[in-house]
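See structure below.
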Amino acid sequence: MSHHDHPSHVHHHFENEVQQFDSDKMGMWLFLVTEIMIFAGLFCAYIIYRTHNPEIFHYGHQFLDKQLGALNTLILLTSSLTMAWGVRAAQLSQKKTLLTMLALTMLCAFGFLIIKYFEYSAKIHHGTLYGDRYVWQTDEHGGEHGASGDEAHSMAEAVADAQAVSEDAMAAEAAGGTSTMNASMAVPSSQFALAPEGPSGFDLNAPEEQKEAAAHSFPQPAKAHLFFSIYFIMTGLHGIHVVIGIICIFTIFVFSARGAYNSTYYTPVDLVGLYWHLVDLIWIYLFPLLYLVD
Amino acid sequence: MSNKSHHHEPGHPTVGHVSPLPQLFMVFGALVALTILTVALSGKLPGASGMMIAMGIATVKALLVALYFMHLRYDRPFNGYIFLAGILFVAVFFGFASLDTATYRRDILPYEADKLGAAGGSEEAMYEEPRKAYQNAHQGKSLHTSEAGEEQPAAESEDAGAAAH
Amino acid sequence: MSSTGQTVKSILTSPVHPEVNYLNATKGFASWFFTLDHKRIGIMYMCSILTAFFLGGVFAMLIRTELFTPGQLMFTSDQYNRVFTLHGAIMVFLVLIPGIPAALGNFVLPLMLGAKDVAFPRLNLLSYHLYVIGLVMALLVLGLGGIDTGWTFYTPYSIQTQTPVVLITSAAFILGFSSIFTGLNFIVTIHKMRPPSMTWFKMPLLLWALYSTALIQIVATPVLGITLLLLIVERVMHIGIFNPALGGDPVLFQHFFWFYSHPAVYIMILPAMGVISELVSTFSRKHIFGYRFIAYSSIAIAIFSFIVWGHHMFTSGQSNLMNMVFSALTFSVSIPSAVKMFNWLTTMYKGSINLATPMIYTLSFMFIFAIAGLTGLPLATLATDIHLHDTYFVVAHFHYTMMGSTLFAFVAGIHYWWPKMTGRMYNQKVARFAAWLVSIGFNVTFFSQFPLGSLGMPRRYHLYEAMPDWQIYHQISTIGAYMQMIGFLLAAYALISSLSKGKLAPRNPWGGATLEWETSTPPITFNFEDTPDAGDPYDVESWQWSDEEGGYVKVRPSVVDEDHAE
Amino acid sequence: MNFATATASSLHLALQEGRGQTFWLPEQASTAAGGVDLSFYIIYWIMVFFFVLLMGLTFWFVVKYHKGIHPKAEHTPHHNLPMELSWILIPLALVIVIFWYGFKGYMHLTSPPANAYQIRVEAQQWTWSFVYPNGGRSGGKMVDDQGQAVPEAYLHVPENTDVVLIMESKDVLHSFYIPQFRVKQDVVPGRYTKVWFKATKAGTYDIFCTEYCGKDHSSMLNKVVVQSQPEFEAYLTKLKDRSPYSPAENGEYYYNIFGCVQCHDTKDKVTITGPTFVDAFGSKVNVDGGATVDMDENYIRESILDPMAKIHSGFQGVMPTFKGKIKDDQINDIIAFIKTLSSNVPEDVKEALRQTPEPGGEASGEAMNVDDGNSAESAAAGDAASDAASGNQE
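Residue numbers (my numbering), protein chains in the order written: chain A, 2 to 295; chain B, 11 to 175; chain C, 486 to 1051; chain D, 19 to 412.
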């Protein structure tokens, strides 16, 4: 059964390394198509709500920081460059360059996540959250509202509501036996505690985009929360992909440190590279769609 | 089709295409320039054209990434077809779903107008009632209280969870 | 492209029953559960899927028994809703979708192709493990009392109900990825693992069908994934995209859901059609008629399946415009289906028809599929669908397609490849009797539901006390269900008892001309001693019956017929 | 295709025994039914033809070429282009014809005439209610707690008149289906959907919910009564003018049609989803948050208009608000009805509430006159009225 030219990295069921390489690449491309289809669902939701409720996008996008978004775009583009360079290094058996490039790529990925963290916490802080956790008020008097309970519910009430809902939902779902989803839920609900302490409306210490928003003359649309639902789900799923990307890059980093890749066998680096470029590619669309709404 | 290339120079791969460094840098430069262009143009163009241009630029960037960083230009053409087929199905999905939502919109608008009228013109009040009802319905408590056990044996575990809470 | 005499000789001289085959090569639980051998994975898939089928069948019997009377018999409405939801969810996600591709496909695809394994054996194993996780999660849901949303999880009810929807949708999400990985593997295998002699048009039609299926699995299933993910997020985080109470749009959920779930119907039926294409030729001792048309029709069905999903939504509030577009497009699917049906029929013409057990199921398939396809016409037609939608007419129609067609082909395939899988022959008399019982029982069960539905009985109804006239249809249906149950149990007995009592199977018990019959019985771990030379997959004349062997033997190299090569 | 059409319609007429129910379809009771049934029978005979053709051939081949009779297969060509094309093109032509008939029938089903008579339909788990242009309201459970049919629950429509139903859902998806009219339309929360018909035969027909909507989906039934124009007018007047009835009777009626009956028992002192009404009035109620309130007129009114304000301890706050939907006098009647169920209320008071008022003058009669048929405005007006009412007590 053994073929005379069957190198160790070629699996038994393949005839030769070209067959194996082509198979792996095609498999990866097919997988990337499934990734595109997954995001397609979200883009579809975006397009439909954007078409029919443009006002919520015009209103909501003011809360996003264009500069931070652009910075993140540049960071991801840089990481794509380092990744492509890393693949080249692997192809040419340049171990040191490969390790450097992978490390740089991971660094960029972490940078991206850190900036995302700041963006998210600003939103958590101001209650510009998804769905029924959206509690942002366009109240110019800052911190005063909540007295008139008949109007939209006050910040404190809303936060209490949201907490109650999330905890009850957790209890229900825990009884329903899911654990992973609940674990992820625990984070935002505990951070809700921040909100009542902080200023609930417009204040001078708020980041730039908040001032912009308050200064803006748009009335708040009824479905404004949908923008943030779409924003969080799209960037959240993208963020999860970034995290998975970091794990993959770290894995090949460890393997390449052990000298696993060289010009005869570098397929994993190539495949992780493809995945990482796709993550970048999706962000290339997310950035203008969410941050640069005209 | 360079995977079939047979230049067995030492240190050169037998499969795959090696991108020259200047090319990578040029592509990167173009990507950065296009990003800056998008940001610069945002808010400056009237109406829908801004969005169109932003999407056009994004597509050029995506193509650059796909063709050069992802080596699609030098890859087996079939992998490119896979990619294009994916985009095509996305288009089918978007096309039909948006066409439908756009046409049944006329059933939603009068409803929202009616509800808005009923809520005294306040958009917030309009969603207040369904929102509250939904939040309450969704809380972990069982719909059935005293007789839940007899009528819904399956709900017991959840009752227990809610009660513990 | 005819193969050399030497190849034939080497095939004939390789042992029919090798000492070491894939079943006994290694022993122990781990050697199975962590195997990379596609045949073992296929067998494990088959066992798991049949377990799920048993479970779904139990729920089916509970439903039919409950509906024997118009009032409440055993269940409250709430319990009944859970039972029918579990029946649907288990049958769709755990039985029908993975059924033929993952169980039979995994076993036969590399064999038919002449490959040693699928392209990504580890991914294949991962796909199976994901399936097992999905199965366990479904059982967990069962333990928690089940869910009551219906298998379609329509919002906003699925957002509001108190049952563990998140768990079952997570299970379906994971099963989706299991399905995606199977499809991905098959596409790459078919593209890259074919031996040089196996050209595209020498591939058996089952492979064309599996290829088309894999295309759907890859493109459509991720959309199910994101839909279910959004539903989970909707429940846990209240995002409001599908929730009208938060300004969302419930009809959009249906678009998302059916973009996957309509093509999913073809994930079920396409490989079934592939199996039937193999069996019709083998058991008629005839070359398949219209090979290229059948192959192309599979691809056509796969592509058309993506543009017809709106026909599930004619009454949902979908706009008139889209109703018309989707109705017109829906008819496009009927053409390739008709093409297949006529080609199978022509294949039988002037053949020598062997009514062995798989052929009984095949003929039942053709009978049932004819009804299934034809009753699709009034459902695709706008005016009549408005009346028939969400009634038992639809229930009958999709059981004719999903159970009568897909499952019958699955069972036919199991009976067909059983000797190759296990090395044993089962008792033909018992199995044939079971096949008749199942077929007749099936038609009794579901034909009665056509008039029931067109008279107006809505689906998912627990009580029908207001309409006592409907009881007789339900009673006939329930009696048929019990007939089927006995039939399936008998079939299971015939197969299982063959493991200990069955006589050794020959290399080729039925006379099929595809490559899997050229290897030993059961096959060795890497399928073939030498890469086989692919000829015409339907040149059944190159295999002749031999009393001495108790099976068919290859009498000449298979030749590529001029007609076929054209 | 004239021949096919003629054949199909004559066969379908032959099958219909005096326009009643056939083996396949229920009787026809609307103008749409004819077109739908024509399409159905055209397709039906196409189906029968192809089924007989396919299965006849299969059976013939199995008998004639069975292994026992025909031990050796004959070599025949493996493909034949004209044959393949014929079974592509003939079905293609047929499905185009089928589509066309279906399309025509559908156009009739979905194009309500401009001046059709409008009735609003509200669906909720698990009842239907109907609001007529004059403000009259019917719906709720068809059978009361005593097992008596409640004819006021039915939808009434005039015969030979174009009727369009404007439907909305308060909770989840439902679907409105009348088999004899061949109409079906989902009722979707967050928007209106429409269904129209012109009933051609006086009689009573079933209404089903055909979109799965939860626990009692199969009990979400109602009936449509098709009656002559004068009978319908009389019924509408009766619905609108409830002055011949006592406050308690009216209260029981509203209790039913507003769906209170779904969750509040009035007979056996049991808990369904909400608290029972038996002996409720005049009792002390513990509410969430630890307070105790009197179960009096104010608490009932508040609970109807703002159910979340004070939730009865031990119950989940699932009751929807009726603000903007119910009028103040209707609340008064419901309070009267609840009073008559309580042993805490003196017998003479209860007796007074059971008294039919003299014609002309009592409050409950005037309640309905607010309405002018314009739903949006009337809802807003009702809202303002109830806002005022709830403001009074705060």
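Built from N, CA and C at the ideal position, the CB exists for glycine as well.
Here the structure is a predicted model, which means the values were calculated and not measured.
Pick from the options that is closest to residue i, judged by C-alpha positions
| i | options | result |
| --- | --- | --- |
| G158/D | P44/D, F67/D, Y271/D and A298/D | Y271/D |
| N362/D | I349/D, S301/D and S193/D | S301/D |
| I575/C | L594/C, Y565/C, V543/C and T561/C | V543/C |
| K82/D | S612/C, Q934/C, I618/C and S837/C | S837/C |
| T94/D | D1024/C, V1040/C and E1033/C | D1024/C |
| V793/C | M970/C, H747/C and T800/C | H747/C |
| I61/D | P863/C, V760/C, Q1029/C and G898/C | P863/C |
| L1/A | I241/A, Y50/A and F119/A | Within the shown structure, residues of chain A are numbered from 2 to 295, placing residue 1/A beyond reach of any answer. |
| I344/D | E320/D, A327/D, A91/D and H330/D | E320/D |
| F276/D | T358/D, W78/D, E170/D and E251/D | E170/D |
The beta strand (DSSP E) enclosing residue i, as first and last residue numbers
| i | result |
| --- | --- |
| W517/C | Segment F514 to F518 is the alpha helix (DSSP H) holding W517/C; no beta strand (DSSP E) there. |
| N240/D | N240 to Q245 |
| Y639/C | Run containing Y639/C: none; DSSP gives neither H nor E here. |
| R372/D | No beta strand (DSSP E) holds R372/D; DSSP gives it neither H nor E. |
| M185/D | D180 to S187 |
| F148/D | T145 to V149 |
| Y60/A | Per DSSP, Y60/A belongs to no beta strand (DSSP E); it is in the alpha helix (DSSP H), P55 to G61. |
Which residues DSSP lists as bridging residue i, in chain order
| i | result |
| --- | --- |
| D234/D | Bridge partners of D234/D: none, in fact. |
| R200/D | None, per the DSSP bridge assignment. |
| I352/D | Looking at the DSSP assignment, I352/D forms no beta bridge with any residue, so it has no partner. |
| V305/D | H330/D |
| L173/D | V242/D |
| T876/C | P943/C |
| H84/D | I838/C |
| N263/A | Y266/A |
| D312/D | K302/D |
| L989/C | R909/C |
| A217/D | S48/D |
| G70/A | Note: G70/A sits in no beta bridge, so no partner. |
| T211/D | M185/D |
Pair within 8 Å by beta-carbon distance, residue i and residue j
| i | j | result |
| --- | --- | --- |
| T869/C | G307/D | no |
| Y210/D | Y121/B | yes |
| V336/D | S819/C | no |
| P500/C | S1031/C | no |
| L99/A | Y266/A | no |
| D204/D | Q143/D | no |
| P681/C | P1022/C | no |
| F104/B | I48/A | yes |
| L127/D | V181/D | no |
| R917/C | T847/C | no |
Bounding residues of the alpha helix (DSSP H) (the contiguous stretch that carries residue i)
| i | result |
| --- | --- |
| A266/D | P265 to I275 |
| A588/C | Counting along the chain, A588/C falls outside any alpha helix (DSSP H), and DSSP gives it neither H nor E. |
| D224/D | Not the alpha helix (DSSP H): D224/D falls in the beta strand (DSSP E), residues G221 to C227. |
| E102/D | L99 to T128 |
| I711/C | L690 to M722 |
| A40/B | L31 to L51 |
CB-CB length for residue i against residue j, believed under 8 Å
| i | j | result |
| --- | --- | --- |
| Q934/C | Y949/C | Not quite, the Cβ-Cβ distance comes to about 13 Å (not below 8 Å), so this is no contact. |
| Y124/D | I871/C | 7 Å |
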